[in-house]
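Student: All residue numbers for the sequence shown refer to the working numbering, where the first residue is -2 and numbers rise by one.
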Amino acid sequence: MAATFEDILYEIDGHVATITINRPEKLNSCTPQTMREIETALDMAGKDPVVGVVVFTGAGEKSFCAGADVSKQREGKMGHTGPREFAPPYLTFSQCPKPIIARVNGYAIGGGNHFAYFCDFTIAADHAIFGQSEPRVAYPTSGPVVNYLVRVVGQKRAREMWMLGRKYSAQQMLDWGLVNAVVPMADLDAEVKKWCDELLAVAPTCLKVYKATFVQEFQDLLGQGDSLRRWMVPDDYRETEQKEGTTAFLEKRKPDFSRFRAAPDREE
-2 MAATFEDILY EIDGHVATIT INRPEKLNSC TPQTMREIET ALDMAGKDPV VGVVVFTGAG
58 EKSFCAGADV SKQREGKMGH TGPREFAPPY LTFSQCPKPI IARVNGYAIG GGNHFAYFCD
118 FTIAADHAIF GQSEPRVAYP TSGPVVNYLV RVVGQKRARE MWMLGRKYSA QQMLDWGLVN
178 AVVPMADLDA EVKKWCDELL AVAPTCLKVY KATFVQEFQD LLGQGDSLRR WMVPDDYRET
238 EQKEGTTAFL EKRKPDFSRF RAAPDREE
């Protein structure tokens, strides 16, 4: 029986499976249900003998994926595990034996940026914007979601991206090595097709072995989970820093985290 999806589209054309986050009205942000559907679709594509390549993208021309749906967090609909609900299914991306191409058609922010760097290849439209929003909305994350980026762009760049929460152009990400190619939006599908065709022209068993070998290189990261966040985040965090970060985001203002730091000692 075929899976039924609400938040994503799953389509097969020839030997290419396309998974599309279909929430353009929410900038293709993800809820826990979206994440579960993505994992299911990737598992289906990985097991389907017809599928040779997977394309992962977002609906529309504005956003690839804007990360977690913060409005759900504010409404208390994230569940009890907090930010952990939105950890990308990096194990599923890694364990899928087929190469996965991120077709980045706009904002790749927060979890969307995770998707871009956990896919095997990333092809971006020239208007795409990348970055981590978590430090600005008080969204602590640890484990492979954070430290795998070091393997892609290096220590200094990864720390800059995660600790400052800046935004970056597609061209900058090409220069850093996070993106494989940048093209105008009008040429994005043709460019993705070109990469799919090249991948489909080589031996599928070779692709499977190569991907498993690349995954093996960062296997040491995959068992870490999100333990640092659980150990280091105080019990009242949701009602303090995280509440301020989330509320500020929804109110479209700059968060004020100053009250969560001790006042400096001015005595001589």
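Glycine included, C-beta positions come from ideal geometry on N, C-alpha and C.
Please read all numbers here as calculations on a predicted model, not as lab measurements.
With G109 as the anchor, note down where its alpha helix (DSSP H) starts and where it stops.
Tutor: As a position in the sequence shown, residue 109 is number 112, starting the count at 1. 108 to 115 is the extent of the alpha helix (DSSP H) around G109.
Student: How far does the beta strand (DSSP E) with S26 in it extend, from its first residue to its last?
Tutor: Here residue 26 corresponds to residue number 29 of the sequence shown, with the count starting at 1. Counting along the chain, S26 falls outside any beta strand (DSSP E), and DSSP gives it neither H nor E.
Student: Within the continuous alpha helix (DSSP H) that includes R203, where are the two ends?
Tutor: Taking the first residue of the sequence shown as 1, we reach residue 203 at position 206. Residue identity differs from the one stated: residue 203 is Cys in this sequence, not Arg. Where C203 is concerned, the enclosing alpha helix (DSSP H) stretches over 201 to 214.
Student: When the Cα atoms are used, what is the spatial distance from T138 to E22?
Tutor: Counted from its first residue, the sequence shown places residue 138 at position 141. Counted from its first residue, the sequence shown places residue 22 at position 25. Roughly 26 Å separates the two Cα atoms.
Student: Is the beta carbon of N144 sitting closer than 7 Å to the one on L88?
Tutor: Taking the sequence shown and counting its residues from 1, the one referred to as residue 144 is at position 147. Taking the sequence shown and counting its residues from 1, the one referred to as residue 88 is at position 91. Not in contact: N144 and L88 (Cβ atoms no closer than 7 Å).
Student: Excluding the five sequence neighbours on either side, which residues of its own chain have a C-beta within less than 7 Å of the C-beta of V176, listed in chain order?
Tutor: If you number the sequence shown from 1, residue 176 lands on position 179. Result list for V176: T119, A121, A167, M170, in chain order.
Student: If you draw a straight line from the C-alpha of V180 to the C-alpha of D186, how long is it?
Tutor: The residue you call residue 180 lines up with position 183 of the sequence shown. The residue you call residue 186 lines up with position 189 of the sequence shown. Taking the straight line joining both Cα atoms gives about 10 Å.
Student: Which residue marks the beginning of the alpha helix (DSSP H) containing A167, and which one marks its end?
Tutor: Indexing the sequence shown from 1 puts residue 167 at position 170. Counting along the chain, the alpha helix (DSSP H) containing A167 begins and ends at 167 to 173.
Student: Does DSSP put Y145 in a helix, a strand or coil?
Tutor: Reading the sequence shown from its first residue, position 148 is the one you call residue 145. Helix at Y145.
Student: What are the residues that DSSP puts in a beta bridge with V150?
Tutor: The residue labelled residue 150 in the question sits at position 153 within the sequence shown. According to DSSP, V150 bridges with nothing at all.
Student: Based on the DSSP output, what are the partners of Y87 in its beta bridges?
Tutor: The count along the sequence shown starts at 1 and reaches residue 87 at position 90. Bridge partners of Y87: none, in fact.
Student: Grab the span of the beta strand (DSSP E) containing V51 for me, first residue to last.
Tutor: The count along the sequence shown starts at 1 and reaches residue 51 at position 54. Counting along the chain, the beta strand (DSSP E) containing V51 begins and ends at 50 to 55.
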